[in-house]
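Numbering of the sequence shown is given in my numbering, commencing with residue 197 and proceeding in unit increments.
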Amino acid sequence: MSATVAIIGRPNVGKSTLFNRLVGKRLALVDDTPGVTRDRREGEGRIAHLEFSVIDTAGLEDADVGSLEGRMRAQTEEAMRLADVTLFVIDARAGITPLDEHFADVVRKTDVPVILVANKSEGRASDAGYYESFGLGLGEPVPISAEHGQGIYDLGDALRPFVEEAELEDSALENSSEEEDVEYEAGSVDKPLRIAVVGRPNAGKSTLINHILGEERLLTGPEAGITRDSISVDLVWREKYLKLFDTAGMRRKARVNEKLEKLSVSDGIRAIKFAELVVVVLDATIPFEKQDLQIIELVAREGRAVVIALNKWDLVEDRDTAWRELREEATRLLNQIKGVTLVPISGLNGFGLDKLLQEIFDAHKIWNMRISTSRLNRWIDGVIAHHPPPAVAGKRIRIRYATQVKSRPPHFVLFASRPDKLPDSYLSYLSNSLRETFKMPGTPIRVSTRKGENPYARKKKR
Ligand code: GDP
197 MSATVAIIGR PNVGKSTLFN RLVGKRLALV DDTPGVTRDR REGEGRIAHL EFSVIDTAGL
257 EDADVGSLEG RMRAQTEEAM RLADVTLFVI DARAGITPLD EHFADVVRKT DVPVILVANK
317 SEGRASDAGY YESFGLGLGE PVPISAEHGQ GIYDLGDALR PFVEEAELED SALENSSEEE
377 DVEYEAGSVD KPLRIAVVGR PNAGKSTLIN HILGEERLLT GPEAGITRDS ISVDLVWREK
437 YLKLFDTAGM RRKARVNEKL EKLSVSDGIR AIKFAELVVV VLDATIPFEK QDLQIIELVA
497 REGRAVVIAL NKWDLVEDRD TAWRELREEA TRLLNQIKGV TLVPISGLNG FGLDKLLQEI
557 FDAHKIWNMR ISTSRLNRWI DGVIAHHPPP AVAGKRIRIR YATQVKSRPP HFVLFASRPD
617 KLPDSYLSYL SNSLRETFKM PGTPIRVSTR KGENPYARKK KR
């Protein structure tokens with residue numbers, strides 16, 4: 197599937213006209229089910245070579261007036277939930293109304309990137325509204341005329357980075373998720389969290405997995421247990437749905453009668469690619485060996501959420517000292533996943549596994565985090581005020597705009613005047629500041645730079 201673009205805004209700003217302009221004759225789907233209020237239309241949109249799905253919330257205008265605001269809010273939120281990027285449409289001839297402001301508030305509270313669209317911008321009558329719309333705090337508006345087809349290519353330019361990012365993200369997901377028809381206990385609609393357990397040989401992965409599988413309440417699949425060639429297993433462990441990938445313990449259990457077989461590190465690496473979250477198992481009695489660090493490096497590079505299990509904690513004698521040292525070492529060695537959670541466990545006796553599970557879900561949540569563009573720009577303004585980017589050849593590099601282009605892991609793009617001149621040290625300062633400000637310990641966040649103004653900014657044409 198392609199990127200999804202939602203068109204939102206108060207009634208009569210021209211959402212449907214824009215929708216029709218983008219979708220043209222290719223209107224694919226209109227929900228005509230009798231009795232269902234048509235609050236939303238969807239179609240395949242195109243601007244030049246850029247293709248995307250469009251959701252339009254124009255059906256709202258039929259809603260009865262009393263509940264209009266509430267319904268619009270619900271619809272808008274729903275559309276934004278489905279969208280990779282939102283077009284927030286205003287009527288530049290009418291100017292900004294209280295309802296526009298109300299909407300802008302709704303939009304600012306979500307994490308979806310927003311492009312402000314000043315519609316009906318043909319002719320001079322729209323100038324005042326165009327400038328007024330800056331006050332919404334949603335960035336610089338893209339002036340268009342949906343009806344006359346003006347400014348549509350500019351709109352395409354503004355959309356492109358988001359559409360491309362969403363496509364990238366989609367293709368990554370498609371590559372990593374095999375189709376499986378999985379059933380869960382009644383009542384759950386959750387998808388299982390995809391986990392790989394990796395680590396050096398003898399770190400204790402098999403023991404841990406066997407402990408988990410020994411407790412598990414439900415296994416789906418043709419047999420009770422794991423089929424020999426399955427590469428993953430779905431299970432409910434302590435009331436959570438998990439999909440465990442291709443791990444040593446599974447093989448071992450599957451082949452009880454066969455020669456005990458261990459997976460090599462490269463099998464673990466394959467599992468990382470399928471997983472959302474990776475539990476790196478360290479042997480707490482010999483932690484942070486070279487191979488451990490290589491594995492962690494790889495997990496970070498692949499951008500997976502990560503939790504480190506300090507296994508064999510039952511063998512550790514002076515736990516206070518060990519804990520302190522391990523934490524210090526982690527801080528020193530693991531810069532890419534600064535603040536990563538360490539959980540002392542014993543795969544053998546089950547110590548720490550509740551905590552491990554809790555941390556897995558916390559880390560996964562952070563990994564899924566989305567930060568709104570307005571919030572990010574407040575952050576970048578603050579950062580620049582305190583610690584401005586360095587000057588190069590007497591000219592200060594300007595960072596003009598920040599946005600989060602994707603999550604899983606969080607990926608931020610900074611638009612700067614001369615991005616290639618920003619020193620790595622400054623970028624790492626920014627990543628750390630992002631981590632601290634938005635409380636994202638341990639996630640391998642991405643920060644990249646692009647040249648230019650903010651992506652929405654276009655010279656007003658008339
Ligand atoms: P793997 O290669 O990572 O799968 O490691 P195994 O699970 O095969 O464990 C290697 C060795 O460490 C075995 O002898 C296990 O019994 C032992 N071991 C694993 N986990 C623990 C633990 O939590 N505590 C103790 N004391 N020994 C463990």
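Beta carbons are placed, not taken as given, at the ideal position from N, Cα and C, and that holds for glycine.
In this text, all values refer to a predicted model and were calculated from it rather than measured experimentally.
Start and end residues, beta strand (DSSP E) containing residue i
i, result
"L431", "428 to 433"
"Q600", "595 to 602"
"H607", "607 to 612"
"T200", "200 to 204"
"R646", "642 to 647"
"L440", "436 to 441"
"L389", "389 to 395"
"R242", "237 to 243"
Contact under 7 Å by Cβ, residue i with residue j
i, j, result
"A202", "T282", "yes"
"D350", "V338", "yes"
"K439", "D430", "yes"
"G333", "S568", "no"
"T253", "V302", "no"
"V359", "A598", "no"
"T639", "W519", "no"
"R289", "G325", "yes"
"N507", "G400", "yes"
"P605", "I641", "yes"
"P615", "K647", "yes"
"G291", "E318", "no"
"A279", "G352", "no"
"A275", "I251", "yes"
"V308", "I340", "no"
"A467", "W509", "no"
"G210", "F284", "no"
"I492", "V476", "yes"
Contact test: residue i Cβ vs the ligand GDP heavy atom, cutoff 6 Å
i, result
"T403", "yes"
"L544", "yes"
"P540", "no"
"A399", "yes"
"L511", "yes"
"N573", "no"
"E508", "Here residue 508 turns out to be Lys, not Glu, going by the sequence shown. True, at least one ligand heavy atom lies under 6 Å from that Cβ."
Continuous alpha helix (DSSP H) stretch holding residue i: start and end
i, result
"F215", "211 to 219"
"E624", "It should be noted that the sequence gives Ser, not Glu, for residue 624. Note, S624: alpha helix (DSSP H), 620 to 633."
"L246", "Run containing L246: none in the alpha helix (DSSP H); it sits in the beta strand (DSSP E), 246 to 252."
"L664", "What the structure shows of the chain is the stretch from 197 to 658, and residue 664 is not part of that stretch, so it cannot be assessed."
"G578", "569 to 582"
"H560", "549 to 563"
Among the options, nearest to residue i - alpha-carbon criterion
i, options, result
"L355", "G499, A290, E247, V302", "E247"
"V536", "G546, A505, F299", "A505"
"V495", "V393, S627, W433", "V393"
"E555", "D616, V474, W519", "V474"
"I576", "V643, R520, P540", "V643"
"G548", "E632, Q600, L404", "L404"
"A587", "A612, R604, D558", "A612"
"K551", "L544, K561, L538, W563", "L538"
"K617", "E525, I595, N315", "I595"
"G220", "N545, G210, R242, G205", "R242"
"R269", "F608, I292, A244, H298", "H298"
"R390", "L511, A471, D479, K534", "A471"
"K191", "G546, P615, E525, V503", "Only positions 197 to 658 of the chain appear in the structure, and residue 191 is not among them; the question remains open."
"I408", "N545, G291, E343, A581", "N545"
"L530", "E513, Q490, P540, L218", "Q490"
"G578", "P483, T633, A589, H607", "T633"
"S542", "E238, N406, G335, P294", "N406"
"D488", "L364, G395, E525", "G395"
"K534", "R566, D516, A501", "A501"
"K602", "T213, L626, M565", "M565"
"T293", "G331, D280, L630, V310", "G331"
"F215", "A342, K387, G499", "A342"
"K387", "V209, V609, Y625, F557", "F557"
"F441", "E521, L478, S402", "S402"
"Y625", "E513, H582, R592", "H582"
(request) Could I get the ranges of all uninterrupted alpha helix (DSSP H) runs contained in the region 465 to 534, with 4 residues as the minimum, in chain order? (result) 486 to 497, 515 to 529
(request) Quick one: which unbroken beta strand (DSSP E) runs of 3-plus residues sit fully inside the region 272 to 342? Chain order, please. (result) 281 to 287, 310 to 315
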